[in-house]
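S.K.: When the letters of the sequence shown are read in order and numbered with this note's numbering, they come out as residues 9 to 480. Idealized CB from N, CA, C, for every residue including glycine.
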Amino acid sequence: MPLWMCDHQGCDRAAVRTLGDCLLCDRHLCSYHLRPEIHTCPEWEDENTYLPACREAENQELARLIRKINTSALRDRASFLRQGKPCSIPPVTYDGASRSSVMGGMNFHVEIRFDDGVEWMARFRRSNASSPPAAIRDYIMRSEVATLMFLEKTAVPTPKVYDFQLEHPGNPVGPAFILMEKLPGKPLEWSTATPEQKQRVMSQLADVHLELHKHPFRSFGSLDTPGDSHIGPFARESLTTFTKSGMQTIGPCCDLQDYYTSYVKLILNLILEEELYSGQPVDAYLIHRFLLDLVPLVVPSSQNEKNFYLKHADDKGDHILVDDQFNITGLIDWEWAHIAPPQYAFNSPTCLLPVAEFYDGNNSLGDDEIIFSRLLEEKGHSELARFVKDGRVQHRLDFCCGYNLMDWDGFLGLFRGLRDAVGMDNDLDWDDWKAVALQRYKNDLGLLQLLKLREERFDMDNSPVDGIDREP
Ligand SMILES: [Zn+2]
Ligand SMILES: [Zn+2]
Numbered sequence: 009m010p011l012w013m014c015d016h017q018g019c020d021r022a023a024v025r026t027l028g029d030c031l032l033c034d035r036h037l038c039s040y041h042l043r044p045e046i047h048t049c050p051e052w053e054d055e056n057t058y059l060p061a062c063r064e065a066e067n068q069e070l071a072r073l074i075r076k077i078n079t080s081a082l083r084d085r086a087s088f089l090r091q092g093k094p095c096s097i098p099p100v101t102y103d104g105a106s107r108s109s110v111m112g113g114m115n116f117h118v119e120i121r122f123d124d125g126v127e128w129m130a131r132f133r134r135s136n137a138s139s140p141p142a143a144i145r146d147y148i149m150r151s152e153v154a155t156l157m158f159l160e161k162t163a164v165p166t167p168k169v170y171d172f173q174l175e176h177p178g179n180p181v182g183p184a185f186i187l188m189e190k191l192p193g194k195p196l197e198w199s200t201a202t203p204e205q206k207q208r209v210m211s212q213l214a215d216v217h218l219e220l221h222k223h224p225f226r227s228f229g230s231l232d233t234p235g236d237s238h239i240g241p242f243a244r245e246s247l248t249t250f251t252k253s254g255m256q257t258i259g260p261c262c263d264l265q266d267y268y269t270s271y272v273k274l275i276l277n278l279i280l281e282e283e284l285y286s287g288q289p290v291d292a293y294l295i296h297r298f299l300l301d302l303v304p305l306v307v308p309s310s311q312n313e314k315n316f317y318l319k320h321a322d323d324k325g326d327h328i329l330v331d332d333q334f335n336i337t338g339l340i341d342w343e344w345a346h347i348a349p350p351q352y353a354f355n356s357p358t359c360l361l362p363v364a365e366f367y368d369g370n371n372s373l374g375d376d377e378i379i380f381s382r383l384l385e386e387k388g389h390s391e392l393a394r395f396v397k398d399g400r401v402q403h404r405l406d407f408c409c410g411y412n413l414m415d416w417d418g419f420l421g422l423f424r425g426l427r428d429a430v431g432m433d434n435d436l437d438w439d440d441w442k443a444v445a446l447q448r449y450k451n452d453l454g455l456l457q458l459l460k461l462r463e464e465r466f467d468m469d470n471s472p473v474d475g476i477d478r479e480p
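#1: Using the Cα positions of Leu461 and His117, report the straight-line distance between them to the nearest angstrom.
#2: Just reading off the beta strand (DSSP E) that Asn1 is part of, what are its end residues?
#3: Which residue's Cα is closest to the Cα of Arg150: Glu385, His346 and Asn434?
#4: Specify, as a first and last residue, the run of the alpha helix (DSSP H) that Val100 falls within.
#5: Who pairs with Ile336 in a beta bridge, going by DSSP?
#6: Please name the residue in Leu73, Phe228 and Phe88 whose C-alpha comes closest to that of Thr101.
#7: Within 10 angstroms of the Cβ of Arg107, are there 16 or more other Cβ atoms? Answer buried if so, exposed if not.
#8: Use the C-beta contact count for Cys38: other C-beta atoms within 10 angstroms, 16 or more gives buried, fewer gives exposed.
#9: Bridge partners of Lys194, per DSSP?
#10: Just to confirm the assignment, what range does the beta strand (DSSP E) spanning Ile186 have?
#11: Using CA coordinates, which residue listed in Pro98, Ala22, Lys450 and His41 is at the minimum distance from Leu294?
#12: Quick check on this structure: which residue in Asp146, Phe185, Ser246 and Lys194 has the alpha carbon closest to the alpha carbon of Asp232?
#13: Say the cut is 8 Å; is the CB of Arg21 nearer than that to a heavy atom of ligand 2?
#14: Could you check whether the Cβ of Cys38 sits closer than 8 Å to any heavy atom belonging to ligand 3?
#15: When you compare only the Cα positions, how much space is there between Ser381 and Ser211?
#16: Between Cys33 and ligand 2, is there a pair consisting of the residue's CB and a ligand heavy atom that are separated by less than 8 Å?
#17: Using a Cβ-Cβ distance cut-off of 9 Å, determine whether Asn370 contacts chain B.
#18: Would you mind listing the beta strand (DSSP E) stretches within the region 144–223 that are 3+ residues and don't spill past its ends, in chain order?
#19: What's the gap between the Cα of Pro308 and the Cα of Leu264?
#20: On the CB-based measure, 16 or more other CB atoms within 10 Å of its CB, does Ala497 come out buried or exposed?
#21: What do you reckon, are the CB atoms on Leu174 and Ala130 nearer than 9 Å?
#22: Can you tell which of Ala154, Leu32, Leu42 and Asp34 has the C-alpha that lies nearest to the C-alpha of Glu283?
#23: Please return the same chain residues whose Cβ sits closer than 7 Å to the Cβ of Trp128, not counting the five positions on each side in sequence.
#24: My guess is that Gly374 and Leu360 are in contact by the Cβ rule of under 8 Å, so how many angstroms apart are they, rounded?
#25: From which residue to which residue does the beta strand (DSSP E) around Ile515 run?
#26: If you compare alpha carbons, which of Ser270, Val303 and Thr79 is closest to Pro183?
#27: With a threshold of 7 Å on Cβ separation, who are the neighbours of Asn315 within its own chain once the five nearest residues in sequence on each side are excluded?
#28: Is there at least one non-hydrogen atom of ligand 2 closer than 8 Å to the beta-carbon of Cys408?
#29: Just grab the DSSP bridge partners of Met255 for me.
#30: Since Trp416 and Glu152 are thought to touch, with beta carbons under 8 Å apart, how far apart are those beta carbons, to the nearest angstrom?
#31: With H, G and I counted as helix, E and B as strand and the rest as coil, what does DSSP make of Asp29?
#32: Can the beta-carbon of Phe334 be found less than 9 Å from the beta-carbon of Ala201?
#33: May I ask whether a heavy atom of ligand 1 can be found less than 8 Å away from the beta carbon of His47?
#34: Between which residues of its own chain and His389 is the CB-CB distance below 7 Å, once the five residues before and five after are set aside?
#35: Using the Cβ count rule (16 or more neighbours within 10 Å means buried), how would you classify Asn277?
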């Protein structure tokens with residue numbers, strides 16, 4: 009069973025993930041109904057029409073969410089949790105201008121102000137065509153709460169959780185929410201920070217790695233039970249499918265080889281089911297078929313690994329709150345965080361990658377990564393510094409798996425860098441590599457299935473009787 013069925017009236021095909029999630033008409037579409045002659049929403053390349061339409065769709069989405077929130081019930085709940093201390097909620101509105109102050113990832117934040125000056129916030133999941141189905145959404149939220157509750161026991165500065173409710177008829181607030189402490193500080197903008205400011209943040213970030221290193225787990229997956237250290241499957245929609253018996257999610261895994269092998273096999277299956285990469289299925293299949301061969305080379309089996317550690321899943325920089333002196337006041341947005349082997353958990357955060365060089369295929373460490381690893385060494389943890397120094401190929405594999413091929417130029421650099429790093433097919437441009445891969449995998453049953461399908465479609469599209477207007 010697919011994640012979503014196509015929303016086109018009367019269609020019973022699987023909707024394509026990502027590519028088929030149209031934010032503008034708020035629908036999930038199959039590969040057939042995504043064709044430009046049928047689906048006529050503006051394309052993202054056309055900034056003049058796409059961006060205004062996108063803003064309008066976002067305004068409507070937030071207006072729908074705000075209408076569902078019962079602010080009196082939220083205020084009463086917050087007040088009850090502080091033994092009746094009065095609080096108020098400023099009018100909840102959204103106009104786009106306040107975006108950065110009220111959004112965090114796929115969440116909308118509502119402020120709660122107590123009369124004694126204490127500030128909380130309620131975190132609501134946004135809901136649009138790119139949101140996961142309810143069962144996965146709830147699992148991810150439960151996992152985020154479990155992660156935050158674990159973090160409260162550490163010295164990592166994170167918001168304290170006071171309450172959470174999933175969306176169900178007994179939830180008086182309406183949509184699912186997490187009620188948490190509002191931390192001071194503003195989101196870090198890494199690209200505009202000075203070297204001195206960056207150095208201060210990196211030193212404190214190194215302390216966070218040291219602190220998380222003191223709290224090992226025994227398994228590789230997501231915390232799934234608030235208040236408990238139980239680890240279950242990964243709380244992430246890209247690792248999830250539905251079968252007749254319900255939600256099926258990858259994990260817990262025994263090591264990175266197990267994780268990447270399961271993930272790449274899932275992607276290959278989804279390509280064959282037309283749930284992924286319907287725009288260029290053969291290219292995507294060849295890439296991931298090759299990645300499947302690379303996995304054992306990049307991440308040798310390490311089933312003796314006994315310790316696993318918490319990893320933030322979206323560490324692009326704005327998950328770090330800083331004060332005016334660039335001291336870290338908090339780390340936020342722990343949605344999708346999971347427990348991972350040390351070489352994954354302690355690799356350099358994404359915000360430290362040298363973006364231009366990284367996407368250009370250059371495998372040298374960036375200046376920030378070199379400073380970060382030196383800081384870890386100075387703090388007496390050369391073993392953690394080693395994960396940063398040896399982490400590039402790991403980053404490359406991670407980015408290439410499931411990458412959005414709409415950013416084709418970005419992908420080509422990433423993929424070339426990966427082939428260079430492992431010394432396989434490293435002297436080939438894309439066309440030459442594709443020719444080699446078609447030959448290499450010519451007996452692969454999945455590839456044969458895709459090539460046959462493409463041939464049939466081509467015949468159908470070029471037939472005067474059965475043209476493109478024929479429904480599948
Ligand atoms: Zn649309
Ligand atoms: Zn359809």
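M.R.: Per the coordinate set shown:
#1: 46 Å
#2: This structure cannot speak to residue 1, because the chain is shown only from 9 to 480.
#3: His346
#4: Note, Val100: premise wrong, no alpha helix (DSSP H); not H, not E.
#5: Val330
#6: Leu73
#7: exposed
#8: buried
#9: Val330
#10: Phe185 to Glu189
#11: Lys450
#12: Asp146
#13: yes
#14: Summarising the ligand content, the structure contains ligand 1 and ligand 2 and does not contain ligand 3.
#15: 10 Å
#16: no
#17: In the displayed structure, chain B is absent; only one protein chain is listed.
#18: 169–173 and 185–189
#19: 8 Å
#20: Look at the range of the chain in this structure, 9 to 480, and you will see that residue 497 is not part of it.
#21: no
#22: Leu42
#23: Ala86, Ile120, Tyr170, Leu187, Met188, Glu189 and Lys190
#24: 6 Å
#25: An answer regarding residue 515 cannot be provided, because it is not within the stretch 9 to 480 covered by the chain.
#26: Thr79
#27: Pro224 and Pro350
#28: no
#29: Phe250
#30: Actually they are not in contact, since the Cβ atoms of Trp416 and Glu152 sit about 33 Å apart, beyond 8 Å.
#31: strand
#32: yes
#33: yes
#34: Leu218
#35: exposed
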